[in-house]
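Some notes on the structure that comes next.
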Amino acid sequence: NFSNKYLLIKKSANYGLLTSEFKTYLPCEYQQITALDKGYLMLVKNGKYGIMTDNGKTVLKCEFDSISTTNDNILMKQNGKWGTINTKGAIPCKYTEIVPVRNFYAVKDGKKWGIVGAAGNTILAPTYKLDKVEAFGNFFKVSYKKHFGLLDGTGKLVLPIAYEEITKRDGSSFFVKQK
Numbered sequence: 440n441f442s443n444k445y446l447l448i449k450k451s452a453n454y455g456l457l458t459s460e461f462k463t464y465l466p467c468e469y470q471q472i473t474a475l476d477k478g479y480l481m482l483v484k485n486g487k488y489g490i491m492t493d494n495g496k497t498v499l500k501c502e503f504d505s506i507s508t509t510n511d512n513i514l515m516k517q518n519g520k521w522g523t524i525n526t527k528g529a530i531p532c533k534y535t536e537i538v539p540v541r542n543f544y545a546v547k548d549g550k551k552w553g554i555v556g557a558a559g560n561t562i563l564a565p566t567y568k569l570d571k572v573e574a575f576g577n578f579f580k581v582s583y584k585k586h587f588g589l590l591d592g593t594g595k596l597v598l599p600i601a602y603e604e605i606t607k608r609d610g611s612s613f614f615v616k617q618k
């Protein structure tokens, strides 16, 4: 929330920010200014998204088609491809889908999925042909042709893709259903 530090102003259809001394902090050239967690601001200028800190440091220029945040991750989309930036590093916008889990990301390149570390290092090149990947505790729940399995953060298949259903019991236990 930037209401304690800045005053949101609107001129014509655009927004800007004033300091508590009523001096221009950001000129009225943004279609949207949104306060995010941990002192970040999401800006929209000319239909493109960017991120800056509330003390004026640009994190991402306003050049992305979409930006979303989850925990300590900023996911950004550019030209139909997803990437991410976090405190450990960045992954360029080259994947058709990204699913964050703890210090890893399941990344989709075309029709195949792989695993990338938080610093952007490839752990497992996209090799798995899957229908869906989702965060599942410390694992990735994967599905292919209506069957489910689990991958760990190294890309190792810890439960084969052979189960009709997998549900969490607690942090490290699962229920599985097999025909």
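No gaps in the numbering here: position 121 of the sequence shown is 560 in my numbering, and each next residue is one more. C-beta: ideal position from N, C-alpha, C; glycine also. Keep in mind the model is a prediction, meaning the values are calculated, not measured.
Beta-carbon proximity of residue i to residue j, cut-off 8 Å
i           : j           : result
residue 464 : residue 445 : yes
residue 598 : residue 615 : yes
residue 508 : residue 475 : yes
residue 489 : residue 500 : yes
residue 542 : residue 559 : no
residue 512 : residue 531 : no
residue 592 : residue 577 : yes
residue 603 : residue 618 : yes
Residues near residue i by beta carbon distance below 7 Å, same chain, minus five either side
i           : result
residue 596 : 588 and 590
residue 569 : 552, 581, 582 and 583
residue 492 : 478, 479 and 498
residue 447 : 454, 456 and 472
Outcome for residue i when other beta-carbon atoms lying within 10 angstroms are tallied against a minimum of 16
i           : result
residue 523 : buried
residue 533 : exposed
residue 546 : buried
residue 503 : buried
C-alpha distance - residue i paired with residue j, whole-angstrom precision
i           : j           : result
residue 567 : residue 528 : 24 Å
residue 608 : residue 486 : 43 Å
residue 620 : residue 585 : Missing from the structure shown is residue 620; the chain here goes from 440 to 618 and no further.
residue 520 : residue 548 : 9 Å
residue 497 : residue 480 : 10 Å
residue 467 : residue 554 : 41 Å
residue 601 : residue 579 : 15 Å
residue 563 : residue 550 : 15 Å
residue 484 : residue 510 : 24 Å
residue 449 : residue 482 : 14 Å
residue 561 : residue 544 : 10 Å
residue 461 : residue 514 : 33 Å
residue 456 : residue 606 : 47 Å
Neighbourhood of residue i by C-beta distance below 6 Å, restricted to the same chain and skipping five residues each side
i           : result
residue 458 : 464
Residues of its chain near residue i, where Cβ-Cβ distance is below 8 Å and the 5 sequence neighbours each way are ignored
i           : result
residue 452 : 470
residue 666 : It is not possible to answer for residue 666, since the shown part of the chain is limited to 440 through 618.
Residues that residue i bridges to, as DSSP identifies them
i           : result
residue 470 : In DSSP, residue 470 forms no bridge with anything.
residue 540 : 543
residue 580 : 573 and 589
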